[in-house]
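This report concerns only the one structure given below.
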Amino acid sequence: MSPQSPFSTSLLAPGIRLVQNLKFAEKFLLVCLLLLIPLIYASYYLLDDVHQHAQEKQLEMDGLQYAVQVSALLELIPQHRGMTNGLLRGDENFRARIAAMQPALEKALADADAADQRWGAELQLHEPWQQVRSRWLRLHDNARQLSADTSWQQHTDLIADYLDLVFRITVNSSLYTEDDPATRHMIEVNFHYLPQLIEALGQLRGSGSGMIADGKITMEEHHEFTRLISAVSVLSHEVQRNMGFAFERSWPLRTAFADSANQTASQADGYAALAQAQVLQPAVPAISAPLYFDHGTEAISSGYRLLKMTTEHNRENFERDIKSLNSHRNTLVVTFMLGMLMIGYLIMAFYFSIRNTTGILKNVVDHLQHGDAPQEVVLPGRDELGKIVQLFNQLSGQLIRTNTELRRSHHEDQLLSDLSLLALQHDNLNRFAQAALPLIVAAAEWLPCKPAGQINLVRGDNSRYVAATLGMEPINPATATHLTGMRIERVAQNNILRLPFMIGGECAGELLLAIMGETLPPEKQIFLSRLANAFAIAVGRLSAESALQQREVDLLRSNEELERFAYISSHDMQEPLRKIQSFGDRLISSTKLEGRSLDFLQRMVAAAGRMQELIEDLLMYSRVNASQRPFVPTDLNQVVAEACNTLELQIEETRAKIHIDPLPVIDADKIQMVQLFQNLIGNALKYRREGVTPIITITVDEPNKPGTEDNMLRLICQDNGIGFEQQYAEQIFEAFKRLHGRGEYSGSGIGLSVCRRIVERHGGAIYATSEPGVGTRMHLSVWLSHKNASAI
Amino acid sequence: MDKIFHPIAMDRKELSDMHLQIRRMCHDLNAPIRAIHGFAEILQRREADQLSERGNMYLQRMVAATHTMEQIVSRLHQYARLATHPLKLKPVSVAQFTEEIISVHYRHLPVGASLQWQADQSLVWPSDPVLLETILRELAENALLYTKAEAPAQVNIAWSIEQGRLLLTVRDEGIGIDPEYHQRVFDLFERLHGRDQFAGAGTGLTMVLKAVGLLGGTIALASAVDLGTTVQISLPKPDGAGA
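Protein sequences appear in the order of chains C and P. Sequential numbering of the first sequence, starting at 1, is according to the working numbering. Sequential numbering of the second sequence, starting at 1001, is according to the working numbering.
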């Protein structure tokens, strides 16, 4: 996150919005296209420039070749002029020489025609050439009929036309606008100064030799001749100067060209001097006309040689330039095409790299969404996308690890909770162990263990057998206490993990698992110790529970036995009791005892009566369970009415008021129920307050709401008797425990104890809340339906 | 308070309380019994001359009846106490133990009756002396009680160790028990003999059964009518002791 100024952000916002909406490949494509447009434009421009340059050079080349093709005429027409002039002036020698040059003239004409055919139209020289050609042909045919002067004049005009044609060639083929100054100087020498110099020399030669031949010279001729001589000097000087410019930067060439140019210039100057001396000062004529002519010809051919050299040089130059320009253009085209191809390739590579990466990422995300590990590993690149991939790899790695961890801990918790559930479903240790083993073995997929295992219990019946089949020492309870940590033993090609589980610091047994490998990863060790703990808890709870249950069963049986014992005993006591009572009665009635003896006897009988009460109580108490009658539907209203009936006398005596709610029909032992209510009401009547009318109400407590049905009938029996301190609320249910002195209230006090036993036999409970001087509330509950009760 | 209304209201305290209730009842019963007994004895002493022969007979029979009642109550009390007896193991030298009991309780035997016992002097066994005494005495008493009318009791008591268990064998030459009734000997409600014929009403074996059960042992009976009875008690070595 690089800090960005708000300004740049706001300025860039539209651009960012635009770019964000494009895919990466599109972004790249956009940038490439934006770069490509000026590139293409520049390349086109450059190519076009090179191409035009090449075309220009080609045009110059064409012009040069045209000029070369027609250059033969420049030599031949002035010769023809001179020879015709000589012949017309009377020298018959020239007739044969004119005839001899005829084939060369025709060939030059044909060459020029060919050049015109080839380049004339292109250089727009067709017209001027045709004019030069037709004038030449006309002059050639009429030359001998003309006067010497006219012929000369017409030849000279034709040559002027011809020079004009050459000038137009250089103009039309852009030779004069050549960029390179050296070449331009060469061209000027080639097409301007040298032809003019040659023509001037030709005129000097022709007119001079004519004047020497007839020996006379007019004033006009004199001026003209003087002008020609100076023109030759000027032109030869120009040739020399331009050649100097042309080869200013090219020393190796300069030497050859400079020599030739100097020679041409000096010969031209020499011939000019000779013309001045021989023609303009007739007083000292030293040479004949033909000799003078030949001297001229020599100078002229030197000029021609130079002309041919420069022409050739120019042609070579142009050819080289054209060649390099063409190769330049080709290189440009190839480079451009290659560049385009490279860019296209990169665009495609970029597009596919992004598309592949995003595709793979999407694939990975799909896998992760389904919760499994991705099959492809994404290799990160070095760019930002690579960074993203790297982060993503980290994230997905983390996710996979977390997922795996989660799944593992889920499995572990599942196994542990399954074990607890199993422990709840079994009440026998061995059966629990047998049921738990397949569960642990089934977990082999994610535990590092093979589906083979055993569970040994120290007190288990089969521990000896199991350990023996695995070829290991069975657990000896005496030594088992030392078996505390898990360890791996090698038994018959298997690595057996012995995982002891401890209860109260003592080994209660061990879990034997065949594991892969020699060691266990730490997290598995942690889990295995958790497993051992869970096992220990389950086993410990199971054994504790079964011990508890056993104790309870023992106690129940013991109570039952005691009850029977008491029942039998109280029955057995009936007979001696009857004996005591009847013999006592007989003694009182049949003897004449008096005083203390009679008192003793009476007290004996009273004691027997008291004993009878006690024995009846004991019988009643022990009979609750000992003489069981089946539970039958019993109308409690009827039961209470019966109880009240029995107590009729006391009720009348005490003027007690008894209110009873309508009561339901329940499954119960009817006789015990009568006994229960009789005891309750009797108790309430017995412990009434002096001077207060006893009011006893029996109400149904909190009638069962729908949904809280628990098969219990709850009753409250309330009185307004003497009450007692709440701290004695439990003592009143104990047999023979009385809160009040024996004299105050009659009875053994076993009544409430029997009530409790009856209520308990009917699945309920009874307790009392009381306040001295206010009254007592007895809360009791009994089963509504016996069938449902046994189902619970 | 709500938990009292729970369907399973009989908790263990309440159950074991029952033994206390019974014991308390026995205690209460003892008072009038002792009163009757005492008054009867005083009357017998003071008024023997005043009373007619019939009157004296009445008194005697009253005393006998209270004696019976006392016995019954005492046995009920014993049983209730036995049932809640907390097991207290300690090493018992069997020979010494047997000698003490016999010398205290069976010094004076009926004429002609004999009580022989044998035990290894070095035999020491971890057990509860109270329970052990109950077993020994009840068996001995039974053997002395159920004798043939014409022959005095011949009782043999033997202690031994076999397969890691302590064996007590009590053999008599008494009336024996028909194998048909062997299963019913230990049932409280079953009386093989009339109440008048033998005193004690046959609760003795019930007590033995209880004590043997508390010690985790077994009881075996071999008997036939007129051929005497052999009772064998087999007691395991208690867990955790002697290790």
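Even glycine gets a Cβ: it sits at the ideal position worked out from N, Cα and C.
Subject >> Close beta carbons around Ala1083(P), own chain, < 6 angstroms, minus the five adjacent residues each side >> reply: To locate residue 1083(P), count along the second sequence from 1; it is residue 83. Within the same chain, Ala1083(P) has close Cβ partners His1019.
Original post:
Is it buried or exposed for Gln678(C), if we count other Cβ within 10 angstroms and need 16 for buried?
Top reply: Taking the first residue of the first sequence as 1, we reach residue 678(C) at position 678. Using a 10 angstroms sphere on the CB of Gln678(C), the tally of other CB atoms reaches 16 or more, which defines it as buried.
Subject >> Minimum C-alpha distance to Leu587(C) - residue among Ile1033(P), Leu1131(P), Ser1127(P), Gln1050(P) >> reply: Residue numbering aside, residue 587(C) sits at position 587 when the first sequence is read from its first letter. Relative to the Cα of Leu587(C), the nearest Cα in the group Ile1033(P), Leu1131(P), Ser1127(P), Gln1050(P) belongs to Gln1050(P).
Original post:
Residue ranges of each alpha helix (DSSP H) run of no fewer than 4 residues wholly in the stretch 1196-1235 of chain P, ordered along the chain?
Top reply: For the stretch 1196-1235 of chain P, whole alpha helix (DSSP H) runs of length 4 or above, ordered along the chain, are 1204-1214.
Subject >> Proximity to Gly1112(P) [Cα-Cα], best of Ser1122(P), Ala1149(P), Val1092(P) >> reply: Taking the second sequence and counting its residues from 1, the one referred to as residue 1112(P) is at position 112. Selection Ser1122(P), Ala1149(P), Val1092(P) evaluated against Gly1112(P) yields Ala1149(P) as nearest (Cα-Cα).
Subject >> C-alpha distance - Ser417(C) paired with Arg487(C), whole-angstrom precision >> reply: Locating residue 417(C) in the first sequence gives position 417, counting from the first residue. Locating residue 487(C) in the first sequence gives position 487, counting from the first residue. Approximately 25 angstroms, taken between the alpha carbons.
**OP:** Round the Cβ separation of Gly202(C) and Gly86(C) to the nearest angstrom and send it over; I've been treating them as touching at under 8 angstroms.
**Re:** In the first sequence, the residue the question calls residue 202(C) occupies position 202. In the first sequence, the residue the question calls residue 86(C) occupies position 86. Wrong, their Cβ atoms sit about 13 angstroms apart, outside the cutoff.
Subject >> Sequence-distant residues of its chain with Cβ nearer than 8 angstroms to Ser147(C) (five each side left out) >> reply: By one-based count along the first sequence, residue 147(C) stands at place 147. Contacts found: Leu88.
**OP:** Mind checking which residues open and close the alpha helix (DSSP H) that includes Pro1126(P)?
**Re:** Locating residue 1126(P) in the second sequence gives position 126, where the first residue counts as 1. Taken as a continuous stretch (DSSP letters only), Pro1126(P) belongs to no alpha helix (DSSP H), being part of the beta strand (DSSP E) at 1124-1127.
Original post:
Which residues mark the beginning and the end of the beta strand (DSSP E) in which Trp796(C) is found?
Top reply: No answer is possible for residue 796(C): the residues shown for chain C start at 1 and end at 792.
Original post:
Of the choices Gly397(C), Ala114(C), Ala289(C), whose alpha-carbon is the least far from that of Ser209(C)?
Top reply: By one-based count along the first sequence, residue 209(C) stands at place 209. Cα-wise, what sits closest to Ser209(C) is Ala289(C).
**OP:** Please list the partners that His1085(P) has in chain C, where partner means a Cβ-to-Cβ separation under 9 angstroms.
**Re:** Counted from its first residue, the second sequence places residue 1085(P) at position 85. Correct list: empty, because the minimum Cβ distance to chain C is about 11 angstroms.
Original post:
In the stretch 1150-1167 of chain P, which residues sit with their C-beta less than 8 angstroms from some C-beta in chain C, listed in chain order?
Top reply: Cβ contacts with chain C come from no residue of the stretch 1150-1167 of chain P.
Original post:
Do you know offhand how far Arg315(C)'s Cα is from Arg144(C)'s?
Top reply: Taking the first residue of the first sequence as 1, we reach residue 315(C) at position 315. Taking the first residue of the first sequence as 1, we reach residue 144(C) at position 144. Each residue's alpha carbon lies about 39 angstroms from the other.
**OP:** Let me know if Asp1172(P) comes out buried or exposed under the rule of 16 or more other beta-carbons within 10 Å of its beta-carbon.
**Re:** Here residue 1172(P) corresponds to residue number 172 of the second sequence, with the count starting at 1. Buried: at least 16 other Cβ atoms inside 10 Å.
**OP:** Could you tell me if Leu11(C) is buried or exposed, where buried requires 16 or more neighbouring beta carbons within 10 angstroms of its beta carbon?
**Re:** Position 11 of the first sequence, counted from the start, is the residue given in the question as residue 11(C). By the neighbour-count criterion, in which a residue is buried when 16 or more other Cβ atoms sit within 10 angstroms of its Cβ, Leu11(C) is exposed.
Subject >> Cutoff 8 angstroms: Ala641(C) Cβ touching any chain P Cβ >> reply: Your numbering for residue 641(C) matches position 641 in the first sequence. Not flagged as an interface residue toward chain P: Ala641(C), since no C-beta distance is shorter than 8 angstroms.
Original post:
Between Glu199(C) and Leu163(C), is the Cβ-Cβ spacing less than 8 angstroms?
Top reply: The count along the first sequence starts at 1 and reaches residue 199(C) at position 199. The count along the first sequence starts at 1 and reaches residue 163(C) at position 163. Against a cut-off of 8 angstroms, the Cβ pair of Leu163(C) and Glu199(C) comes out as a contact.
Subject >> For Val333(C) and Asp62(C), the rounded distance between their alpha carbons >> reply: The residue you call residue 62(C) lines up with position 62 of the first sequence. The residue you call residue 333(C) lines up with position 333 of the first sequence. When rounded, the distance between both Cα atoms is 25 angstroms.
Original post:
Where does the unbroken beta strand (DSSP E) through Tyr193(C) begin, and where does it stop?
Top reply: Position 193 of the first sequence, counted from the first residue, corresponds to residue 193(C). Annotation: Tyr193(C) is outside any beta strand (DSSP E) and is labelled neither H nor E by DSSP.
Original post:
How is the alpha helix (DSSP H) around Asn142(C) delimited, first residue to last?
Top reply: The residue you call residue 142(C) lines up with position 142 of the first sequence. DSSP places Asn142(C) inside the alpha helix (DSSP H), whose first and last residues are 126-142.
**OP:** Check whether the stretch 608-622 of chain C touches the stretch 637-647 of chain C, counting contact only when three or more Cβ pairs, one atom from each stretch, lie closer than 8 angstroms.
**Re:** They do not touch, by the three-pair rule.
**OP:** Go ahead and pull the three-state DSSP assignment for Gly397(C).
**Re:** Residue numbering aside, residue 397(C) sits at position 397 when the first sequence is read from its first letter. Gly397(C) sits in a helix when the DSSP states are folded into three classes.
**OP:** Along the beta strand (DSSP E) that carries Ala1115(P), what are the first and last residues, could you check?
**Re:** Position 115 of the second sequence, counted from the first residue, corresponds to residue 1115(P). One detail in the question is off: residue 1115(P) reads as Leu in this sequence, not Ala. Segment 1114-1118, the beta strand (DSSP E) holding Leu1115(P).
**OP:** Compare the C-alpha of Lys1090(P) against each of Val1124(P), Val1073(P), Tyr1079(P) and name the closest.
**Re:** Locating residue 1090(P) in the second sequence gives position 90, where the first residue counts as 1. It is Val1124(P).
Subject >> Buried or exposed by the 16-neighbour rule on C-beta atoms within 10 Å, applied to Asn330(C) >> reply: Indexing the first sequence from 1 puts residue 330(C) at position 330. Burial call: exposed.
Subject >> Unbroken alpha helix (DSSP H) run spanning Val1096(P), endpoints >> reply: Indexing the second sequence from 1 puts residue 1096(P) at position 96. The question names Val, yet the displayed sequence has Gln at residue 1096(P). From DSSP, the alpha helix (DSSP H) with Gln1096(P) extends over 1094-1105.
**OP:** Measuring only between beta-carbons, confirm whether Gly773(C) sits less than 8 angstroms from chain P.
**Re:** Within the first sequence, the letter at position 773 stands for residue 773(C). Taking CB atoms only, Gly773(C) has no neighbour in chain P less than 8 angstroms away.
Original post:
Is Ile159(C) near Thr170(C), with beta carbons less than 8 angstroms apart?
Top reply: Against the first sequence, residue 159(C) aligns to sequence position 159. Against the first sequence, residue 170(C) aligns to sequence position 170. With contacts defined by Cβ atoms closer than 8 angstroms, Ile159(C) and Thr170(C) do not form a contacting pair.
Subject >> Chain-ordered neighbours of Ala1080(P) on chain D, where CB pairs are closer than 9 angstroms >> reply: No chain D is present in this structure, whose protein chains are C and P.
Subject >> Interface positions of the stretch 1017-1050 of chain P facing chain C (Cβ-Cβ less than 7 angstroms), listed along the chain >> reply: The residues in question are Met1018, His1019, Gln1021, Ile1022, Arg1024, Met1025, Asp1028, Leu1029, Pro1032, Ile1033, Ala1035, Ile1036, Phe1039, Ala1040, Ile1042, Leu1043, Arg1046, Glu1047, Gln1050.
**OP:** Kindly give me the distance between the Cβ atoms of Ile716(C) and Arg777(C), rounded to whole angstroms, as I take these residues to be in contact under 8 angstroms.
**Re:** Residue numbering aside, residue 716(C) sits at position 716 when the first sequence is read from its first letter. Residue numbering aside, residue 777(C) sits at position 777 when the first sequence is read from its first letter. Their Cβ separation, rounded to whole angstroms, is 6 angstroms, which keeps Ile716(C) and Arg777(C) in contact under 8 angstroms.
Subject >> Local conformation of His659(C) per DSSP, three classes >> reply: Here residue 659(C) corresponds to residue number 659 of the first sequence, with the count starting at 1. Correct three-state label for His659(C): strand.
**OP:** Report yes or no: is there a C-beta of chain C within less than 8 angstroms of the C-beta of His1193(P)?
**Re:** For the purposes of this step, residue 1193(P) is identified with residue 193 of the second sequence, where counting begins at 1. Note that His1193(P) scores 46 on pLDDT, short of 50, meaning its location in the model is unreliable; the coordinates nonetheless yield the value given after this. Output row for His1193(P): interface = no.
**OP:** Given a cut-off of 8 angstroms, decide if Arg688(C) and Val700(C) are closer than it, judged by their beta-carbon atoms.
**Re:** The residue you call residue 700(C) lines up with position 700 of the first sequence. The residue you call residue 688(C) lines up with position 688 of the first sequence. No, the Cβ-Cβ distance between Val700(C) and Arg688(C) is not below 8 angstroms.
Original post:
Which bits of chain C does Thr1068(P) rub up against, with CB to CB less than 7 angstroms?
Top reply: In the second sequence, counting from the first residue as 1, residue 1068(P) sits at position 68. Around Thr1068(P), the beta-carbon contacts reaching into chain C at under 7 angstroms are Pro576.
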